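Colleague: For my numbering, add 286 to where a residue sits in the sequence shown, where the first one is 1.
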Amino acid sequence: METKQTLEIVKTAIEDMKGQQIEDYDVSSLTPLVEHMVIATGNSTTHIKALADEVAVKMKDAGGQVRGVEGHGQQADWVLVDLGDVVVHLMSGATRALYRLEDLWNFKALDADPEAADEAVDGEN
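In structure tokens:
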């Protein structure tokens, strides 16, 4: 399944279930493992679980593959749905504010030169 089609299914599923603050980040230049990361907020642990279930059901109905779901337990403040090229993070507002995943992806991609990477890290301290 094409990444664009996966993103459309994910966003529609989250919107249909009244997920909030849906953000899509193209992280293909930052990691070879994932092309897009979608982050959305749910109102409660029950809502977050329902969002994850809806994403998984819609993907399977469309012929897509769900590689895994993490965090779907009793305290589901953060559920991750792995769809291959797209990873979906469904979080409570408090958890989203605490971890601020969006900010993690605002860093410039560092050179492959290890010395440049060390200098960048040393410069932050």
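Using N, Cα and C, we set each Cβ at its ideal position, and we do this for glycine too.
These numbers were taken from a predicted model, which means no experiment stands behind them.
Assign Gly354 to one of two classes, buried (16 or more other C-beta atoms within 10 Å of its C-beta) or exposed (fewer than that).
Modeller: The sequence position of residue 354 within the sequence shown is 68, counting from 1. With fewer than 16 Cβ atoms within 10 Å of its Cβ, Gly354 is classed as exposed.
Colleague: Let me check understanding here. Comparing Cα to Cα, which of Asp363, Gly370, Val374 lies closest to Leu384?
Modeller: Reading the sequence shown from its first residue, position 98 is the one you call residue 384. Ranking the options by Cα distance to Leu384, first place goes to Asp363.
Colleague: Determine the DSSP secondary structure at Gly369, reduced to helix, strand or coil.
Modeller: For this step, residue 369 is matched to residue 83 along the sequence shown. Gly is not the amino acid found at residue 369; the sequence shown has Leu there. Three-state result, Leu369: coil.
Colleague: Give the range of the beta strand (DSSP E) segment to which Thr327 is assigned.
Modeller: Here residue 327 corresponds to residue number 41 of the sequence shown, with the count starting at 1. Residues 322-328.
Colleague: For Ala336, I'd like the list of residues in its chain whose CB is within less than 7 Å of its CB, leaving aside the five on either flank, ordered along the chain.
Modeller: Residue mapping note: residue 336 aligns to position 50 of the sequence shown, counting from 1. Here the set comprises Met303.
Colleague: Do you know how far the Cα of Val341 is from the Cα of Ser314?
Modeller: Reading the sequence shown from its first residue, position 28 is the one you call residue 314. Reading the sequence shown from its first residue, position 55 is the one you call residue 341. Using only the alpha carbons, I get a separation of about 21 Å.
Colleague: Can you tell me which residues form a DSSP beta bridge with Glu356?
Modeller: Counting from one through the sequence shown, the residue named residue 356 turns up at place 70. BP columns for Glu356 point to Leu366.
Colleague: Between the C-alpha atoms of Glu356 and Asp368, what's the straight-line distance to the nearest angstrom?
Modeller: To locate residue 356, count along the sequence shown from 1; it is residue 70. To locate residue 368, count along the sequence shown from 1; it is residue 82. Whole-angstrom Cα-Cα distance: 8 Å.
Colleague: In terms of residues, what are the limits of the alpha helix (DSSP H) holding Gln306?
Modeller: Start at 1 with the first residue of the sequence shown, and residue 306 comes out as number 20. Note, Gln306: premise wrong, no alpha helix (DSSP H); beta strand (DSSP E) at 306-312.
Colleague: If we count the other Cβ atoms within 10 Å of its Cβ and call it buried at 16 or more, is Leu390 buried or exposed?
Modeller: Reading the sequence shown from its first residue, position 104 is the one you call residue 390. When all chains shown are included, Leu390 counts as exposed.
Colleague: Could you tell me the distance, in whole angstroms, from the CA atom of Gly379 to the CA atom of Thr327?
Modeller: Position 93 of the sequence shown holds residue 379. Position 41 of the sequence shown holds residue 327. The straight-line gap from Cα to Cα measures roughly 6 Å.
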